[in-house]
Amino acid sequence: MENPAENNIIQQAEVYLLDKLIAKSTPIYPDQHITEVTLLDQVRAGEYEVIAYLNYYDIDTKEFISKAGYMIHLTVRE
Numbered sequence: 045m046e047n048p049a050e051n052n053i054i055q056q057a058e059v060y061l062l063d064k065l066i067a068k069s070t071p072i073y074p075d076q077h078i079t080e081v082t083l084l085d086q087v088r089a090g091e092y093e094v095i096a097y098l099n100y101y102d103i104d105t106k107e108f109i110s111k112a113g114y115m116i117h118l119t120v121r122e
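Under the working numbering, the first residue of the sequence shown is numbered 45, with each subsequent residue one higher.
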């Protein structure tokens with residue numbers, strides 16, 4: 045996940061499997077990116093279809109602005 049340099053917001057991802065929060069990224073500031081997140085709970089290794097929400101926060105006040113949800117393919121490795 046990448047937050048382009050031209051963005052003026054902070055992004056944070058949440059990943060849900062069957063309505064259960066299984067992962068949450070650290071805040072991602074403009075011109076930063078992440079390639080993986082640590083799971084909050086045990087999830088068996090495998091392939092999953094999950095919903096990832098991107099939460100958007102004001103860069104100055106850190107207040108929540110909005111969110112967008114995406115169906116994504118998640119690979120869990122041992």
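In this text, a Cβ means the ideal position worked out from N, Cα and C, and glycines have one as well.
Spatial neighbours of residue i in its chain, beta-carbon cut-off 6 Å, leaving aside the 5 residues before and after
i   : result
K68 : E58
V81 : A67 and S69
With 16 other Cβ atoms within 10 Å as the buried cut-off, status of residue i
i    : result
N52  : exposed
I54  : buried
I109 : exposed
I66  : buried
I103 : exposed
I72  : buried
Residue i and residue j closer than 9 Å at C-beta
i    : j   : result
Y101 : Y60 : no
T70  : Q56 : yes
P74  : A49 : yes
Sequence-distant residues of its chain with Cβ nearer than 7 Å to residue i (five each side left out)
i    : result
T119 : E91
Identity of the residues DSSP links to residue i by a beta bridge
i    : result
M115 : I95
S110 : Y100
A67  : V59 and L83
N52  : Paired residues: none, contrary to the question.
Contacting residues, own chain, Cβ-Cβ under 8 Å from residue i (five flanking each side not counted)
i   : result
L84 : L65, I66, A67 and K68
Residue i beta carbon near the ligand ZN (any heavy atom closer than 8 Å)
i   : result
N51 : Only the bare structure without any ligand can be found here, which leaves the ligand ZN out of the picture.
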